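A short worksheet on the structure shown next.
Numbering (my numbering), first residue to last: 235 to 368.
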């Protein structure tokens, strides 16, 4: 799979909130690092994200490829608009870049680093978490 194919499959699975589809793109021990959720295994992160989501619409803005400077890990960066509706119905849209560390042999994601400014959505996110946990 090339970078554009990986990006499109990832965004499609994310928008569908399809756990099996999204996890099929990751190695079994893959990690996700998120500004809102912290670092966790992909297998734990996506069920929690989807539980916190009422709906989402994702709009791809760009795909970039490169290598990390320290160990030449293959990187794919996906820039997209995440029109996120939280579980309580509150909108929490944002622009985001997901930086994927990819195993060159299997072309599976070993780590995903999510990069975005949470200042506009953090209070809505915290409120939704509180309301949906009651």
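Virtual Cβ for every residue (Gly too), placed ideally from N, Cα, C. This structure is a prediction, so every number in the text was calculated from the model and none was measured.
About 19 angstroms separates the CB atoms of residue 265 and residue 255; that is not less than 8 angstroms, and the two are not in contact. For the pair residue 322 and residue 340, the Cα-to-Cα distance works out to about 38 angstroms.
Under the three-state reduction of DSSP, residue 258 is assigned to coil, being neither helix nor strand. Cβ contact annotation for residue 291 (same chain, cutoff 7 angstroms, sequence separation greater than five): 249 and 317, in chain order. Secondary-structure assignment with DSSP links residue 300 through a beta bridge to 309. As a beta-bridge residue in DSSP terms, residue 273 pairs with 267.
Between residue 298 and the set 312, 337 and 270, the nearest pair of CA atoms involves 312. Rounded to whole angstroms, the separation of the alpha carbons of residue 337 and residue 304 is 15 angstroms. Ranked by Cα distance from residue 260, the first of 365, 268, 345 and 319 is 345. For residue 278, the three-state secondary structure derived from DSSP is helix.
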